[in-house]
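*Asks:* First the structure, then my questions, so here it is.
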Amino acid sequence: MSKLFIVRCALTEVTNASSYVSPTANLKLLTNVALQYPTPPPSTAHRKEKSLQILCDKFLNLYPLHGNGTVEIQLDSTAARLGVEKRRMYDIINILEAMQCAVHKRKNTYLWHGGARLNSFLKMLKRQGENLRLSEALRGKAPKPPAPKHKTLGVLAQRFLMLFLVEPPNTLINLEMAVGVLIDTSSKSKSTLSPEQLDRQHKSKVRRLYDIANVLISIGLIEKVSGNLILKKPVFKYVGPYKIKKSEKIIVYTPSPITPLSVLHTQQLLTPCQVYAGKSKRKLEFTTPNCNTEKLGVTTPPHTPSHKWDEILLVADMELTRINNGITL
DNA sequence: AGGTCCCGCCACGGA
DNA sequence: TCCGTGGCGGGACCT
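What follows is the structure, given as structure tokens:
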């Protein structure tokens, strides 16, 4: 196997240019230089090594959240440094921009503020979430927020975070539930789209939330809680810098079928927990390390509403009513 | 088998 | 017409 020796030198040395090189010219030159080298073998990197979370980690190594002052980011050169397509940079920067860590200055250029504004922004997000009545929407008692017109990835990221911020700490939310609340399918789209189209739209939004969650994990705002036996799908927990008031209970929002439990992951669920929603017709059984064995029967209502998300919210509401009526877990 | 999410196609809008 | 941006979903990979 041949070894490739890389010698660092200024671009002007490579190109013999003596004056300023524009970013576009810079990129073209870099491309030309790259073309002079043999094409590297297809990436052998593990899928996980290429995940958006890892990529965002690498990005934050270049541009730390707790850096000093504001710096300019060139998307193309950053993509080149990280060894990814520019398209992936948009995925990351759009979410970071939605968190006010960066601002789009001009084409290919962002201003990086890092986490300097994050805390105050999160407080603002919480207020916005309250104005949008997300907590009520989660319980089916308020309409879902209207669909955004632009920058849907960023708006979706903000609203996803709002869900955590308007709820008590330790609230666990899964992506299905989040999409169910955040994507308005009740208006025009519901009447014009077929059930299959609605389903595809929903799945697509879940995919976007996976992307968003990976970036939010990387910047330390949320954590994935998985590996326990309560839920088939992972749930997410807010761990961000803006601390909400401490709560005793863990609340789980999930519309997904919940597998019968025997044991909870001790690290993750040391406190009593609440499940607000589940569409499984099976009875659920909980045993937590510091709770006595407790049982929770979650059943779907006798009639099944036409749209599954109505059903989810209905079940969530039933559970909430039950809990409010003093039936604790 | 179903969940996760990388990858890149392509539409859109501005220059 | 070109280019930057970003919505979107196929399908590969993982558990």
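With the working numbering applied, the first sequence has no gaps in its numbers, which climb one by one up to 333 at the end. All residues carry an ideal CB built from backbone N, CA and C; glycine is no exception. The model shown is predicted, which means the values in this text are computed figures rather than measured ones.
Considering only their Cβ atoms, is the gap separating Leu225 from Val243 smaller than 8 Å?
*Replies:* yes
*Asks:* Which one or two residues does DSSP pair with Val107 in a beta bridge?
*Replies:* Leu115
*Asks:* Is it buried or exposed, Ser198, if we count other Cβ atoms within 10 angstroms and call 16 or more buried?
*Replies:* exposed
*Asks:* From the DSSP output, in three-state form, read off Thr303 for me.
*Replies:* Because the pLDDT of Thr303 is 25, which lies under 50, any placement of that residue in the model is unreliable, and the number read from its coordinates should be weighed accordingly. Three-state result, Thr303: coil.
*Asks:* For a quick check, are the C-beta atoms of Arg85 and Leu59 less than 8 Å apart?
*Replies:* no
*Asks:* Report the CB separation of Ile99 from Phe63 in whole angstroms; it is logged as a contact under 8 Å.
*Replies:* Taking 8 Å as the upper bound for CB-CB distance, Ile99 and Phe63 are not in contact here, some 11 Å apart.
*Asks:* Are the region 133 to 151 and the region 165 to 177 in contact at 8 Å, needing three or more beta carbon pairs?
*Replies:* Contact holds: three or more Cβ-Cβ distances are below 8 Å.
*Asks:* With a threshold of 7 Å on Cβ separation, who are the neighbours of Ile177 within its own chain once the five nearest residues in sequence on each side are excluded?
*Replies:* Leu167, Phe168, Val239, Phe240 and Tyr257
*Asks:* Would you mind working out which of Val185, Cys105 and Glu180 sits nearest Asn72, comparing C-alpha positions?
*Replies:* Proximity to Asn72 across Val185, Cys105 and Glu180 peaks at Cys105, based on C-alpha coordinates.
*Asks:* Going by DSSP, what residue range makes up the alpha helix (DSSP H) through Tyr214?
*Replies:* For Tyr214, the enclosing alpha helix (DSSP H) begins and ends at Pro199 to Ser222.
*Asks:* Kindly identify the DSSP beta-bridge partner or partners of Ile226.
*Replies:* Tyr242
*Asks:* When the Cα of Tyr165 is compared with those of Arg212, Met103, Lys52 and Val107, which residue comes out closest?
*Replies:* Residue 165 is actually Leu in this sequence, not Tyr. The candidate whose alpha carbon is nearest that of Leu165 is Met103.
*Asks:* For Thr156, name the three-state secondary structure that DSSP assigns.
*Replies:* helix
*Asks:* Straight-line CA distance for Ile223 to Ala151?
*Replies:* 26 Å
*Asks:* Mind checking Gln57: buried by the 16 CB within 10 Å criterion, or exposed?
*Replies:* buried
*Asks:* I need the DSSP call for Ile99, collapsed to helix, strand or coil.
*Replies:* helix
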